[in-house]
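**Q**
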């Protein structure tokens with residue numbers, strides 16, 4: 035019985051880890067697209083970053 039329970043816990047953890055891996059891959063794709071956009075428009079992105087920082091400081 036204990037062995038069966040241990041197996042289900044391991045299965046559960048593996049399922050959770052695969053979910054985390056999928057999320058990480060999706061995040062990687064999203065960040066990759068953002069970085070590509072920044073590389074395309076360095077001036078606009080620099081202005082945007084400075085604007086965001088100033089906005090955060092003034093809130």
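In our numbering, the protein residues as written are 35 to 93. For every residue, glycine included, the Cβ atom is placed at its ideal position computed from N, Cα and C. Source: prediction; values computed, not measured.
So, for residue 92: in the same chain, excluding its five sequence neighbours on each side, which residues have a beta-carbon less than 6 Å away from its beta-carbon?
**A** One-based indexing of the chain shown puts residue 92 at position 58. Same-chain partners within the cutoff: there are none.
**Q** When you compare only the Cα positions, how much space is there between residue 72 and residue 88?
**A** Residue mapping note: residue 72 aligns to position 38 of the chain shown, counting from 1. Residue mapping note: residue 88 aligns to position 54 of the chain shown, counting from 1. Cα-Cα distance, rounded: 19 Å.
**Q** If you draw a straight line from the C-alpha of residue 76 to the C-alpha of residue 60, how long is it?
**A** Numbered from 1 along the chain shown, position 42 holds the residue referred to as residue 76. Numbered from 1 along the chain shown, position 26 holds the residue referred to as residue 60. Going from the Cα of residue 76 to the Cα of residue 60 covers about 24 Å.
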